[in-house]
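Chains as they are written, first to last, in the numbering used here: chain A, 1019 to 1266; chain B, 1356 to 1824.
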């Protein structure tokens, strides 16, 4: 087991608003972590800060990814190091097909020009596993996609780009039972001893199909409790109130 | 496959557009505009008397008309310093082997020589003021299709030329139409007889090499009843430190049930004043389709116009304009709907960056006769930074109440969120921006023949990298 991510005392603000108040977290290969917590607690901010979204300012702390300090790396450099983040609301990019986009992205991430036919085969196979209509390959990125198709498309990107660390930000929200099954299968297929996943979620349906190793409760910009799946089950039953009080 | 090639162009060879051959010529006039210079041009071309008269009359009109004051500033254009006629060191050839090496190599690197053999039914290549190469497939000649340079047309098809030449764009139309009438040179004449379908495109390429000169090619296309053709025009010029002028004129006659698609990519250098006039007259149930990409130039005035005079005639316009630093591209469309049940569809896009100005200036006029007219206009502008400017100036004149009109204009910027999304997939910031811009331009590039859509993507990448001087 190798250390993938080591975050030390991470403080993050957007404009002048402090969102993360000092997060410490270590993630090793082969692990699945879950972030839970009320809206606005800083879960998405954490993922964005690790991905390098320029609107989030790191005011203090260090992010080590595979033993390398990455605080100053640009977003694309972090992606090429092996970090991935699925979006809650994936952006529409008219005029760029899913296939072209993924081919360009994979070329960038691997540093190797993708050959046309093998890439097409890989794409088709990955789409098949996610029960995506192959027509989506030639459609413009997220344009006119339903909520479910967008989420599947994010998982597709993860499986094609094969990152070492993937943040899945509410990938399960708005999905019906079938889609949850397909997406969770996609996540399980991707997961290996070589990579790690962070799942940000409000519900445990997805977690029942994916066996998380750790559950962290975010409240008001801090991790107030860490534990295992039983913590998620407790939150499902009793809500966050008990943890909110711990902050006060 | 085509799709892949379109967006995978990574190694851009800026040199292709900027090959500067040594300025050699067989003959050139002095700079400026005088009756003597007009006579010289006409004599060089061994023209009939009526054409010389037409030129001299046009010069008189030119001298009477004012420079338009409503658009981009062209006060830097000094006609006294523009050489209006440069005859290249090459006559008209029908084999590339006969074209002098430096000129041939220019067209070769622009992809024209290869396209001629592979994918086109006919090719014309103009270098400075004269066409240096022409080809047309034998089977089209047999069907009565005419495709020649304009000088040959004046000699060999005088009756048709006299009937149509500058009737649609008369020299009185505006100052630069008059200038064109006085000093026009080179260009293309296409005649497609009744019922003949030309299945693969024909293409003319206009290359302006000489510094401080003007290019004034004339294009006349006549598509007779029930006939069809796709004509492609490409233009480019290398950059010099002196201003160049392009004042071409395109006249398109689309007869009953005929179909003409006119595609063009203009890729001028940024010292060019591009003051071009294009107009189509469409008869009953005829269709004109314009596909237009305007790149480069210092100032452009370009408003392809469709006159729908026949019942049920149609005009489709798909165009894109890219204005970078120091450029003012004033483009748009004019559509006059003057018969019942006509339809017009305009889809115009513009991109501006680094202080460039992109203006859409449109006129839609629906006359009292045009009952049941349908017209839609869609203008989208993408500004890449805060210094650039984009304006939409539509004029809509409706003179009857049985019409269906839609107009939509949107102006936007590339969102930081989109760039973040693409970069989070490992794509560099430059490539992410260029992907968004290429995606924005895609509705136009997909309408262009492959080589041109590749060229357009190259141009977009070049513009984004800021490497065009």
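By construction, the Cβ of each residue, glycine as well, lies at the ideal position given by its N, Cα and C atoms. Note that the structure is a prediction, hence the values are computed from the model and not measured.
- Query: Nearest to residue 1144 of chain A by alpha carbon, out of A:1125, A:1220, A:1061 and A:1177?
  - Reply: For the purposes of this step, residue 1144 of chain A is identified with residue 126 of the first chain, where counting begins at 1. Ranking the options by Cα distance to residue 1144 of chain A, first place goes to A:1177.
- Task: Taking C-beta pairs closer than 7 Å, name the residues in chain B that residue 1071 of chain A reaches, listed in chain order.
- Result: Locating residue 1071 of chain A in the first chain gives position 53, where the first residue counts as 1. Chain-ordered, the chain B residues with CB closer than 7 Å to the CB of residue 1071 of chain A read 1775.
- Short check: CB of residue 1562 of chain B to CB of residue 1465 of chain B, under 9 Å? The sequence position of residue 1562 of chain B within the second chain is 207, counting from 1. The sequence position of residue 1465 of chain B within the second chain is 110, counting from 1. For residue 1562 of chain B and residue 1465 of chain B, yes; Cβs fall inside 9 Å.
- Assuming residue 1705 of chain B and residue 1736 of chain B form a contact by the criterion Cβ under 8 Å, report the distance between their Cβ atoms to the nearest whole angstrom. The residue you call residue 1705 of chain B lines up with position 350 of the second chain. The residue you call residue 1736 of chain B lines up with position 381 of the second chain. Rounded to the nearest angstrom, the Cβ distance from residue 1705 of chain B to residue 1736 of chain B is 5 Å, consistent with a contact under 8 Å.
- Message: According to DSSP, is residue 1034 of chain A part of a helix, a strand, or is it coil?
- Response: In the first chain, residue 1034 of chain A corresponds to position 16, counting from 1. In the structure shown, the three-state DSSP call for residue 1034 of chain A is coil.
- Message: Going by C-alpha to C-alpha distance, which of B:1744, B:1485 and B:1388 sits closest to residue 1446 of chain B?
- Response: Position 91 of the second chain, counted from the first residue, corresponds to residue 1446 of chain B. Of the candidates B:1744, B:1485 and B:1388, the one whose C-alpha sits nearest the C-alpha of residue 1446 of chain B is B:1485.
- Message: Taking the beta carbon of residue 1154 of chain A as the centre, do at least 16 other beta carbons fall within 10 Å, making it buried, or is it exposed?
- Response: If you number the first chain from 1, residue 1154 of chain A lands on position 136. Counting C-beta atoms within 10 angstroms of its own C-beta, residue 1154 of chain A has 16 or more neighbours from the protein chains shown and is therefore classed as buried.
- Task: Within its chain, find whatever has a CB closer than 6 Å to the CB of residue 1583 of chain B; leave out the 5 residues flanking it on each side and keep chain order.
- Result: Indexing the second chain from 1 puts residue 1583 of chain B at position 228. The residues are 1552 and 1614.
- Query: Taking any Cβ of chain B, which residues in the region 1166-1193 of chain A have a Cβ under 8 Å from it, in chain order?
  - Reply: So the list reads 1175 and 1179, given in the order they occur along the chain.
- Hey, how far is the Cα of residue 1623 of chain B from the Cα of residue 1748 of chain B? Taking the first residue of the second chain as 1, we reach residue 1623 of chain B at position 268. Taking the first residue of the second chain as 1, we reach residue 1748 of chain B at position 393. Rounded to the nearest whole angstrom, the CA to CA distance from residue 1623 of chain B to residue 1748 of chain B is 24 Å.
- Taking the C-alpha atoms as reference points, what is the distance between residue 1170 of chain A and residue 1213 of chain A? Numbered from 1 along the first chain, position 152 holds the residue referred to as residue 1170 of chain A. Numbered from 1 along the first chain, position 195 holds the residue referred to as residue 1213 of chain A. Roughly 20 Å separates the two Cα atoms.
- Query: Unbroken alpha helix (DSSP H) runs of length 4 or more, entirely within the region 1173-1219 of chain A: which are they?
  - Reply: Counting only runs of at least 4 residues, the region 1173-1219 of chain A fully encloses the following alpha helix (DSSP H) elements, listed from N- to C-terminal order: 1195-1208.
- Query: Thinking C-beta only, is residue 1653 of chain B closer than 9 Å to residue 1627 of chain B?
  - Reply: Here residue 1627 of chain B is taken as the residue at index 272 of the second chain, counted from 1. Here residue 1653 of chain B is taken as the residue at index 298 of the second chain, counted from 1. The beta carbons of residue 1627 of chain B and residue 1653 of chain B sit closer together than 9 Å.
- Quickly, what does DSSP pair residue 1645 of chain B with across the bridge? List them, please. Sequence index remark: in the second chain, residue 1645 of chain B carries index 290 (1-based). Beta-bridge partners of residue 1645 of chain B (DSSP): B:1617 and B:1672.
- Message: Distance check for residue 1672 of chain B and residue 1646 of chain B, CA to CA, integer angstroms please.
- Response: As a working mapping, residue 1646 of chain B is identified with position 291 in the second chain. As a working mapping, residue 1672 of chain B is identified with position 317 in the second chain. Residue 1646 of chain B and residue 1672 of chain B: Cα-Cα distance of roughly 6 Å.
- Message: With DSSP as the reference, identify every bridge partner of residue 1764 of chain B, one or two as the case may be.
- Response: In the second chain, the residue the question calls residue 1764 of chain B occupies position 409. Answer is B:1734, bridged to residue 1764 of chain B.
- Just how far apart, CA to CA, sit residue 1044 of chain A and residue 1216 of chain A? In the first chain, the residue the question calls residue 1044 of chain A occupies position 26. In the first chain, the residue the question calls residue 1216 of chain A occupies position 198. Taking the straight line from one Cα to the other gives about 11 Å.
- Task: Can you give me the Cβ contacts of residue 1698 of chain B inside the same chain, cut-off strictly under 6 Å, excluding the 5 residues immediately before and after it?
- Result: Reading the second chain from its first residue, position 343 is the one you call residue 1698 of chain B. Correct list, in chain order: 1669 and 1729.
- Message: I'd like the span of the alpha helix (DSSP H) that includes residue 1463 of chain B, first residue to last.
- Response: Taking the first residue of the second chain as position 1, residue 1463 of chain B is located at position 108. 1456-1464 is the span of the alpha helix (DSSP H), which, as asked, contains residue 1463 of chain B.
- Task: Decide if residue 1472 of chain B is buried, meaning its Cβ has at least 16 other Cβ atoms within 10 Å, or exposed.
- Result: In the second chain, the residue the question calls residue 1472 of chain B occupies position 117. With a threshold of 16 other beta carbon atoms within 10 Å, residue 1472 of chain B falls short and is exposed.
- What three-state label does DSSP hand residue 1631 of chain B in the structure shown? By 1-based counting over the second chain, the position of residue 1631 of chain B is 276. The three-state secondary structure of residue 1631 of chain B, taken from DSSP, is strand.
- Item | Amino acids of chain B, ordered along the chain, whose beta-carbon sits closer than 9 Å to that of residue 1236 of chain A | Locating residue 1236 of chain A in the first chain gives position 218, counting from the first residue. The contacting residues do not exist; residue 1236 of chain A stays about 21 Å from chain B at best.
- Message: Could you tell me the alpha carbon to alpha carbon distance between residue 1766 of chain B and residue 1713 of chain B, rounded to whole angstroms?
- Response: What you label residue 1766 of chain B is simply residue 411 of the second chain in a count that begins at 1. What you label residue 1713 of chain B is simply residue 358 of the second chain in a count that begins at 1. So the alpha carbons of these two residues sit roughly 11 Å apart.
- Starting from the C-beta of residue 1731 of chain B, find all residues in its chain whose C-beta is less than 6 Å away, skip the five residues before and the five after it, and write them out in chain order. Indexing the second chain from 1 puts residue 1731 of chain B at position 376. Contacts found: 1700 and 1761.
- Message: For residue 1357 of chain B, would you say it is in contact with chain A, using Cβ-to-Cβ distances shorter than 9 Å as the test?
- Response: Numbered from its first residue, the second chain carries residue 1357 of chain B at position 2. Low per-residue confidence applies at residue 1357 of chain B: pLDDT is 31, beneath 50, and the placement is therefore not dependable, though the value from the model is reported in the following sentence. At a cut-off of 9 Å between beta carbons, residue 1357 of chain B makes no contact with chain A.
- So, does the CB of residue 1119 of chain A fall closer than 9 Å to a CB anywhere in chain B? Translated into the one-based positions of the first chain, residue 1119 of chain A becomes position 101. Yes, residue 1119 of chain A lies at the interface with chain B (some Cβ there is under 9 Å from its Cβ).
- Item | Runs of alpha helix (DSSP H) wholly within the region 1735-1815 of chain B (minimum 4 residues, chain order) | Runs found: 1771-1778 and 1784-1800.
- Task: Pull up the distance between the alpha-carbon of residue 1220 of chain A and that of residue 1125 of chain A, whole angstroms please.
- Result: Locating residue 1220 of chain A in the first chain gives position 202, counting from the first residue. Locating residue 1125 of chain A in the first chain gives position 107, counting from the first residue. Rounded to the nearest whole angstrom, the C-alpha separation of residue 1220 of chain A and residue 1125 of chain A is 34 Å.
- Task: Using three-state DSSP, classify residue 1713 of chain B as helix, strand or coil.
- Result: Taking the first residue of the second chain as position 1, residue 1713 of chain B is located at position 358. In the three-state DSSP reduction, residue 1713 of chain B falls in the strand class (E or B).
- Query: Quick one: Cα of residue 1540 of chain B to Cα of residue 1572 of chain B, how far?
  - Reply: Indexing the second chain from 1 puts residue 1540 of chain B at position 185. Indexing the second chain from 1 puts residue 1572 of chain B at position 217. Distance between the alpha carbons of residue 1540 of chain B and residue 1572 of chain B is about 5 Å.
- Have a look at residue 1715 of chain B and residue 1492 of chain B and give me their C-alpha separation to the nearest angstrom. Here the question's residue 1715 of chain B lines up with position 360 in the second chain. Here the question's residue 1492 of chain B lines up with position 137 in the second chain. Going from the Cα of residue 1715 of chain B to the Cα of residue 1492 of chain B covers about 38 Å.
- Task: Would you mind sorting residue 1593 of chain B into buried or exposed? The rule is 16 or more other CB atoms within 10 Å of its CB.
- Result: In the second chain, residue 1593 of chain B corresponds to position 238, counting from 1. Its Cβ being crowded by 16 or more others within 10 Å, residue 1593 of chain B is buried.
- Item | Any 3 or more C-beta pairs closer than 8 Å across the region 1418-1425 of chain B and the region 1528-1548 of chain B | Yes, the region 1418-1425 of chain B touches the region 1528-1548 of chain B.
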